[in-house]
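What the sequence shown shows, in my numbering, is residues 44 to 282, in sequence order.
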Amino acid sequence: MVRFGAIDKSNTMTLDAVMNFFQEAAISHAENLGVGREAMARTNQVWLLSRMSVEVDRRPEFGETVTVRTWPRGGEKLFALRDYDIRGADDVPAVRARSCWIIIDMEKRRPMRPQSIMETMPLNDGLDSLPSAAALVQRPSLQQTLERRAMYSDVDYNGHVNNVTYIRWIEDSVDPALLAQAKRMRLDINYMNEILPNEVTVIRSAPIEEAGIHAFAFEGIKSEGQPAFRAELRLQSHL
């Protein structure tokens with residue numbers, strides 16, 4: 044059920060709430076497949092989210108009962124792919140998404156090829172929810188819109204800023220009226236470097252010229268100049 048904390052003034056789900064649903068579904072499903080947090084920790088490995096693309100075709104409403112689904116979609120070079128959707132009572136996807144994950148060897152602090160783990164999971168051939176997770180390029184002329192210091196509530200079990208927090212920072216960089224009025228949304232984000240507790244990140248943004256929609260490019264830059272993320276957000280005020 045879509046709860047009160049998952050909506051904005053539009054009475055419908057926010058992007059960060061969507062991401063929270065997907066995060067919980069992915070964690071739970073990984074545990075069921077035997078590749079969850081504890082199983083990976085036994086071999087000094089951890090899953091890290093690298094890319095995410097989310098298409099919101101309809102924003103679920105407060106009190107609506109929804110079904111959140113997720114399934115693995117095989118591997119692509121260093122990435123393990125995972126798809127998602129959120130469906131209403133009509134069983135039509137309201138939200139569709141694809142994520143790309145990497146496996147990190149915690150001892151060597153290096154990515155590992157996921158093939159050995161992916162071989163133990165179903166590939167779900169042909170079940171593509173959203174067959175694209177964008178690799179975003181750097182855009183010029185971005186201007187600072189926000190600055191955030193990573194605080195206790197931003198940091199997760201892995202000791203760095205949680206992937207959903209990045210989405211909240213992006214939302215906080217946008218005119219709230221545009222977000223509340225949006226009927227459809229598309230978010231593409233690349234997670235590039237982790238943000239540790241107490242680190243300061245500057246969020247920069249600029250509009251993207253696209254007909255009929257409000258579109259924005261974002262990047263988060265850590266205080267030492269490292270890029271933390273790049274993202275693009277597209278908002279449509281009509282279905």
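Glycine residues also receive a C-beta, built at the ideal position from the N, C-alpha and C atoms.
Since this is a predicted model, take the numbers as computed values, not measurements.
For Pro174 and Leu222, the gap between their C-alpha atoms comes out near 25 Å. For the 8 Å CB-CB criterion, Arg227 and Leu166 do not form a contact. Nearest C-alpha to Thr110 among Ile129, Ile145, Arg102, Arg94: Ile129.
Here the C-alpha atom of Val138 lies approximately 8 Å from the C-alpha atom of Arg102. For Leu92, DSSP records a beta bridge to Trp144. When DSSP reads this structure, Gln186 sits in a beta bridge with Ser248. Around the Cβ of Tyr195, a 10 Å sphere holds fewer than 16 other Cβ atoms; the residue is exposed.
Rounded to the nearest whole angstrom, the CA to CA distance from Pro136 to Gln187 is 35 Å.
Looking from the CA of Leu124, the closest CA among Gly131, Ala132, Arg112, Ile145 belongs to Ile145. The shortest CA-to-CA distance from Asn87 to any of Tyr127, Arg94, Val78 is the one to Val78. Within the same chain, and ignoring the five residues on either side of Val89 in sequence, the residues whose Cβ sits closer than 7 Å to its Cβ are Met83, Ile147, Met149, Asn201. In the structure shown, the three-state DSSP call for Leu173 is coil. Between the stretch 258-271 and the stretch 240-247 there are three or more C-beta pairs closer than 8 Å, enough to call the two in contact.
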